[in-house]
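With the numbering used here as the guide, the letters of the sequence shown map in order to residues 107 to 495.
Where a beta carbon is used, it is the ideal one built from N, C-alpha and C, also for glycine.
This report refers to the structure that appears directly beneath it.
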Amino acid sequence: MPLARAALADRALAPLAADLARLVGARLMPEEIAEVLRMTVDPSTLKELASGIRLRGRRNLEVPAAREPLERLLTSSSAAVREAAGAVAGLLKRVSGEELNEAVRTATDGSRPAEERARFIRLLGSGEFLAVAPTLAGLLDPNQEEPVQQAALAALDAHADPGVVRILADRWRHMTPGVRTRAVQVLLARKDRLAPLLEALRGGSIPAASLDGPQRQQLLNFPDPAITKPAAAVFGVTTPDPKRLERFRGALELAGEPARGEPVFRKLCLSCHRVGKEGVDVGPPLTTVTHQTKEQLLQSIVEPNLSVLPTYVQYVVEAADGRILNGVIVSDGGAGVTLRRQGGEDVTVLRRDIRALASSQASAMPEDLLKGVEPQAVADLLEFLKRIR
Ligand code: HEC
107 MPLARAALAD RALAPLAADL ARLVGARLMP EEIAEVLRMT VDPSTLKELA
157 SGIRLRGRRN LEVPAAREPL ERLLTSSSAA VREAAGAVAG LLKRVSGEEL
207 NEAVRTATDG SRPAEERARF IRLLGSGEFL AVAPTLAGLL DPNQEEPVQQ
257 AALAALDAHA DPGVVRILAD RWRHMTPGVR TRAVQVLLAR KDRLAPLLEA
307 LRGGSIPAAS LDGPQRQQLL NFPDPAITKP AAAVFGVTTP DPKRLERFRG
357 ALELAGEPAR GEPVFRKLCL SCHRVGKEGV DVGPPLTTVT HQTKEQLLQS
407 IVEPNLSVLP TYVQYVVEAA DGRILNGVIV SDGGAGVTLR RQGGEDVTVL
457 RRDIRALASS QASAMPEDLL KGVEPQAVAD LLEFLKRIR
């Protein structure tokens, strides 16, 4: 079908492609259906394909050649494409029991390359949830390479069962930052995940600080009070405590002298924040916060736990040789996990040597840094911070 191919490949012919896809769906020819799935990434074309198949009242249509292109579409970065591909997938025959067993075997075979395993893991996005959930949960483990964990998340994301949230909440403390970033997206990707997510946030198995501002807003502004009410309760707890700030309020009224603030910074902050060529990157470079008001800066210093950037969450790793290592994770590559300890020293633990890995719920930045510091010295420090280049 050369004309069909041209229509599917050319954006300008998109309306024609959608009509064609509907026609292809209604013809129920497996090869044609697979061809459309291979050619398109357009959600409306996919939806028309699904409604064509549905028109003929068919379910469980067997289209083996559709598996690979569908798998690609189901893990697309676009939610609209994933949803439309899901509509098609729902009409085709699911992976057979035998294929699923084979997929589980390869998915969990640590002797195979991560990329190959990832392909099979994504197939587990289409099995019965209860049958594949233990395998997928088991793959969310710091001993597994990141691509393997990412594939497990993609497979979980393809399931509509709210049990997905429980798995992610259980594994949360043991996820490295890159895995967490994707896990939050999965948690926020379906409405039926939001209520159990809020429960996990309330119970503390997922710390509220793990969600950034826009992600919190997504929950706080959701068009359903069943979501916004618990969200307000959860994130209300993470609004600033006026008493903590109040103790230093006086410093905001004093004029500061940046030259006197520098030694204060050296003493209290340089062990974690870099300025120019000095200091270490345990915390973020502070050049990005110089535009903030002194009050906002003071807030970040006295209440570091209000929001913790995911890349700066503290982890504890127990290594196979019995060592306990603390720090932020600066790399999560194939070979292992690299922790940067306070003071800036990097240590890599080989993946197979990770006996346990867990995050602490708190920021690496201590809350009581300014304890005993005179208000004038705090004012000087704030003035110094505003001038960091
Ligand atoms: C033990 C290490 C450590 C020390 C000491 C420390 N910080 Fe931090 N700081 C961090 C980490 C880690 C973060 C990022 C995690 C977070 O947001 O809590 C951070 C975050 C910040 C932020 C927010 C940055 C942003 O992009 O939002 C500011 C401001 C800050 N620190 C200022 C200071 C100042 C001023 C001092 C000295 C008085 C100080 N820090 C001492 C580790 C430290």
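{"Check": "Any non-hydrogen atom of the ligand HEC closer than 7 Å to ALA470 Cβ", "Outcome": "yes"}
{"Check": "Buried/exposed call for LEU161, threshold 16 Cβ in 10 Å", "Outcome": "exposed"}
{"Check": "Under the three-state DSSP convention, the category GLU539 falls into", "Outcome": "Examination of residue 539 is not possible in this model, given that the chain is present from 107 through 495 alone."}
{"Check": "Identity of the residue in SER469, LEU415, ASN166 and THR396 nearest LEU491 by Cα", "Outcome": "THR396"}
{"Check": "Given SER465 as reference, the closest of ASP318, HIS280 and VAL436 once Cα atoms are compared", "Outcome": "HIS280"}
{"Check": "For ALA264, the three-state DSSP class (helix, strand or coil)", "Outcome": "coil"}
{"Check": "Any non-hydrogen atom of the ligand HEC closer than 7 Å to VAL395 Cβ", "Outcome": "yes"}
{"Check": "CA nearest to the CA of ALA213, picked from ALA190, GLY244, LEU198 and GLY192", "Outcome": "GLY244"}
{"Check": "8 Å Cβ shell around GLN420 - same chain, five flanking residues per side excluded", "Outcome": "ASN432, GLY433, VAL434, SER465, SER466, ALA468, SER469 and ALA470"}
{"Check": "Range covered by the beta strand (DSSP E) that runs through GLY367", "Outcome": "Here GLY367 belongs to no beta strand (DSSP E); instead the alpha helix (DSSP H) covers 364 to 374."}
{"Check": "Residues of its chain near VAL130, where Cβ-Cβ distance is below 7 Å and the 5 sequence neighbours each way are ignored", "Outcome": "GLU138, ILE139, VAL142, LEU155 and GLY158"}
{"Check": "TYR418 CB to nearest heavy atom of the ligand HEC below 7 Å", "Outcome": "yes"}
{"Check": "Neighbour-count burial assignment, ASP474, 16 or more Cβ in a 10 Å radius", "Outcome": "exposed"}
{"Check": "Beta-carbon spacing of PRO336, ARG308 below 8 Å", "Outcome": "yes"}
{"Check": "Proximal residues to ARG322 (C-beta, below 7 Å), its chain only, five neighbours per side dropped", "Outcome": "PHE341"}
{"Check": "Beta-ladder partner(s) of ILE435, from DSSP", "Outcome": "LEU445"}
{"Check": "Closest residue to ALA275 among PRO283, HIS265, GLU305 and ALA261 (Cα-Cα distance)", "Outcome": "GLU305"}
{"Check": "Presumed contact (8 Å Cβ cut-off) between ARG228 and GLU177, rounded CB distance", "Outcome": "5 Å"}
{"Check": "Whether LEU357 touches PRO481 by CB criterion (8 Å)", "Outcome": "Inspection of the sequence shows that residue 357 is occupied by Ala rather than by Leu. Yes; because the gap between Cβ atoms is below 8 Å, this pair is in contact."}
{"Check": "In chain order, each beta strand (DSSP E) run of at least 3 residues that lies wholly inside the segment 388 to 436", "Outcome": "419 to 425"}
{"Check": "Distance between beta carbons of PRO364 and GLU251, contact taken as under 8 Å", "Outcome": "So it is not a contact: roughly 47 Å between Cβ atoms."}
{"Check": "Complete alpha helix (DSSP H) runs within the segment 277 to 352 (minimum length 4 residues, chain order)", "Outcome": "283 to 293, 297 to 309, 319 to 326, 331 to 342 and 348 to 352"}
{"Check": "From ASP330, ALA485 and VAL436, residue whose alpha carbon lies closest to that of LYS400", "Outcome": "ALA485"}
{"Check": "PHE354 CB to nearest heavy atom of the ligand GDP below 7 Å", "Outcome": "Only the ligand HEC can be found as ligands here, which leaves the ligand GDP out of the picture."}
{"Check": "Element boundaries [alpha helix (DSSP H), containing LEU79]", "Outcome": "In this structure the chain extends from 107 to 495, so residue 79 is not present and cannot be described."}
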